[in-house]
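Here's the structure, in C-alpha cells; my notes come after.
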Amino acid sequence: MTTRRGWYPYNLDFDFSALEGLQRFSINNLGDPFIESNYGVHSREFEIGVLQWFARLWEIDQDEYWGYITNCGTEGNLHGILVGRENLPDGILYASHETHYSVFKAARMYRMDSLDTLETGEMDYDHLRSVLAANSARPAILNVNCGTTVKGAVDDLDRVLDILRETGYSEDRFYIHVDGALFGMMMPFIKKAPRVSFRKPIGSVSVSGHKFIGAPVPCGVVITRQKYVAALSNDVEYLNSRDATIMGSRNGHAPIYMWFTLTRKGYEGMRKDVERCLRNALVLKSMLEQAGVKVMLNELSSTVVFERPREEAFVRKWQLACEGEVAHVVVMPNVHMAILEEFVADLIASRTRHFLNAAMKVASDARAAHSDDSDEE
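For the record, in the sequence shown the residue sitting at position 96 is 96 according to UniProt numbering, with numbers rising by one throughout.
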C-alpha cells in the first residue's frame, strides 16, 4: 500500500528512525519563532534554521524576512493572503479557477474574484488584465500558483508583474502570494525554470514540508517580508511572546524533521531528486502514450494527467486523485521505475476489461432485443 500512496504528492522516501526518541516529548513551538516563550520544550533553533534555508533559496536577507513552520500547506496560503489583506484592507483577491481549494477557504473570509484558466491549468492572462483594469481603483491581492493541484500548471510570475505595471498598479498597491505547495520546492533546482525570488516585488511564498521534502506529519513553510507582518503581530502576555501566526500551538517535531532532511540532502541532493522525478514523469507520459492513453504533462511538472480510468475499483486500488474526466499521478522521489511499470500494466489490463465488457454488453443487449431470432442472425 505504501507504493500506491505514492500517486499523491507525498515523498515517502524518508527514514527518521534516528529521531524516534523525540516522540517521548511534547514539543510545542508557541508564538513567534524568533521570540522565546515561557514554554521550555520547543524546537525554535531548528525552526529558524529551516527558515534561513528557505530565505537563502528565495533570496531575501535575514533581517528582511519573517516566517514560521506551519501545520500544513493550507495554513501557509491562509497566512499569506491574510498578510496581504491586513496591509491592503480594501484590496480585491484574485485567484484562478484551478487554485488550491485552501485559497477559496480564504475567499469565504475575504472578497475574491475568480479568474479563467487556460486548458493547461495556468491562469488566463488576458482575463487577468481585463479584471485588473476594471478594478484599478482598488488594490490587488493575487494568488500565483507554482504548480496547480490537478494539472501541475505554473503561473508566469513575471508576466503577472508586467500586467500589473501595464494596468497602472504601483508596488504599494498590490500584494502577491506565491502558493509553492509542491513545485515551489522543485522549480529552484530546474535550470530553465523561472525564479521565485523576493528580489521581485512579491509579498509571501509558502510550500508544503510533507510533500517534496518528505515528513511523517503534515507541515509547511511560509515566509513574508518583515515590514508586512507587523499588521498581524500581537503581544501575548501569558506566553511572554508575540504572535503573528494563524495557529497558536504548532508542531515542534516538524521543524526537526525538515531540518534533518534539508541538512542531510543539501541543495545538491534536492536537485538530484528533482531531476529524477522529472525524468520519470516523462517516462510515464511516454508509456501511457504508447498504450493509447490520452495524457498531458506540463513543462516543469511531474504531475502526469490522463483520462480517468473507467473502473472505480482501479481508482480505489491505486488511490488516484480524479477531477471530472481526468486523473493524475504525481511522480515523487519514492516512485521508481518498477512502480511505473506495475501501474501501466495494471491500467492497460483495467482498460481492456472495461472495453471488452462494454463490447460484450452491446452483443448481449442485441441478443435480448432479438430473442426470437436465431443465433446465426
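From the three backbone atoms N, C-alpha and C, an ideal C-beta is built for every residue, glycine too. None of the values given here were measured: they were computed from a predicted structure.
Compare the C-alpha of Met123 against each of Val144, Ala140, Gly21 and Asn135 and name the closest.
-> Of Val144, Ala140, Gly21 and Asn135, the residue nearest in Cα terms is Val144.
Report the rounded CA-to-CA distance for Leu22 versus Gln319, giving the unit in angstroms.
-> Our two residues, Leu22 and Gln319, have alpha carbons roughly 31 Å apart in a direct line.
Using the C-alpha atoms, what's the distance from Thr167 back to Val131?
-> Cα to Cα, Val131 sits roughly 10 Å from Thr167.
Closest residue to Asp126 among Gly152, Thr148, Leu93 and Asp162 (Cα-Cα distance) | Closest option to Asp126, Cα to Cα, is Asp162.
Leaving aside the five residues before and after Asn334 along the sequence, list all residues of the same chain whose C-beta is less than 7 Å from its C-beta, in chain order.
-> Gly6, Asn11, Leu12 and Asp13.
Go through its chain and collect everything with a Cβ distance to Gly184's Cβ below 6 Å, but skip five positions before and after it.
-> Once the five neighbours on either side are set aside, the close Cβ partners of Gly184 are Cys146 and Val207.
Straight-line CA distance for Arg264 to Val344?
-> Answer to the nearest angstrom: the Cα atoms are 33 Å apart.
Same chain only: Cβ atoms within 7 Å of Ser197, ignoring 5 sequence neighbours per side | Result list for Ser197: Trp58 and Glu59, in chain order.
By a C-beta neighbour count over all protein chains shown, 10 Å radius and 16 as the cutoff for buried, is Glu47 buried or exposed?
-> By the 10 Å Cβ count, Glu47 comes out buried.
Does the beta-carbon distance from Gly91 to Arg85 come in below 8 Å?
-> It is a contact, given that the beta carbons lie within the stated cut-off.
Buried or exposed: Glu237, going by 16 or more other Cβ atoms within 10 Å of its Cβ?
-> Note that Glu237 scores a pLDDT of 43, beneath 50, so its modelled location is shaky and nothing firm can be said.
Mapping DSSP to helix, strand and coil, what is Asn280?
-> Here Asn280 carries a helix assignment [DSSP, helix/strand/coil].
Run through DSSP, which three-state label would Arg353 get?
-> Helix at Arg353.
Spatial neighbours of Leu239 in its chain, beta-carbon cut-off 8 Å, leaving aside the 5 residues before and after = Note that Leu239 scores 46 on pLDDT, short of 50, meaning its location in the model is unreliable and no value can be drawn from it.
Delimiting residues of the alpha helix (DSSP H) encompassing Ile81 | Unbroken alpha helix (DSSP H) run through Ile81: Gly73 to Asn87.
Close-in-space but distant-in-sequence residues of the same chain around Met360 (CB under 8 Å, 5 per side omitted) = Contacts found: none.
CB-CB under 6 Å to Leu164, same chain, minus the five flanking residues each way: which ones, in chain order?
-> Closer than 6 Å at the Cβ level, and outside the excluded window around Leu164, lie Phe174.
Per-residue DSSP class, three states only, for Arg225 | The three-state reading of DSSP puts Arg225 in strand, counting E and B together.
Of all the options Arg308, Ala181 and Ser17, which has the alpha carbon lying nearest to the alpha carbon of Glu325?
-> Comparing C-alpha distances from Glu325 to each of Arg308, Ala181 and Ser17 shows the shortest one belongs to Arg308.
Opposing strand residues paired with Gly209 [DSSP bridges] | None, per the DSSP bridge assignment.
Alpha-carbon to alpha-carbon, Ile348 and Gln94 = According to the sequence as given, residue 94 is Tyr; it is not Gln. Here the alpha carbon of Tyr94 sits roughly 41 Å from the alpha carbon of Ile348.
What is the DSSP secondary structure of Thr70, reduced to helix, strand or coil?
-> Here Thr70 sits in strand by DSSP.
Mind reading off the beta-carbon distance from Val222 to Gly209? Whole number of angstroms is fine, and I expect it under 8 Å.
-> Incorrect: roughly 11 Å between the Cβ atoms, too far for contact.
To the nearest whole angstrom, what separates the beta carbons of Met186 and Phe212, a pair I think is in contact under 8 Å?
-> Yes, Met186 and Phe212 are in contact; Cβ-Cβ is about 6 Å, under 8 Å.
Check the DSSP bridge columns for Ile176 and list the partner residues they point to.
-> Per DSSP, Leu142.
From Glu20 to Cys322, what does the alpha carbon distance come to, in whole angstroms?
-> A direct Cα-to-Cα measurement between Glu20 and Cys322 gives close to 35 Å.
Counting only the same chain and skipping the five closest in sequence on each side, list residues whose C-beta sits under 6 Å from that of Val229.
-> Correct list, in chain order: Trp66 and Ala244.
Between the Cα of Asp156 and those of Val331, Val217 and Glu299, spot the shortest distance and give me the residue it belongs to.
-> Cα-wise, what sits closest to Asp156 is Glu299.
Can you say whether Arg24 is buried or exposed, counting buried as having 16 or more other CB atoms within 10 angstroms of its CB?
-> It counts as exposed.
Looking at the unbroken beta strand (DSSP E) that takes in Asn125, where does it start and where does it end?
-> Residue identity differs from the one stated: residue 125 is Tyr in this sequence, not Asn. Looking at the DSSP string, Tyr125 is not in any beta strand (DSSP E); the run it does join, the alpha helix (DSSP H), is Tyr125 to Ala134.
Would you mind stating whether Gln226 and Glu64 have Cβ atoms separated by less than 8 Å?
-> Taking 8 Å as the Cβ cut-off, Gln226 and Glu64 qualify as a contacting pair.
Quick one: what's Val331 bridged to in DSSP?
-> Under DSSP, Val331 forms no beta bridge with any residue.
With burial defined as no fewer than 16 other Cβ atoms inside 10 Å of the residue's Cβ, what is the status of residue 395: buried or exposed?
-> Nothing about residue 395 can be reported from this structure: the residues present for the chain run from 1 to 377 only.
Under 8 Å between C-beta atoms of Pro255 and Val41 = Contact: no.
Contiguous alpha helix (DSSP H) assignments of at least 4 residues, all confined to the region 25-73 | Counting only runs of 4 or more, we get 44-57.
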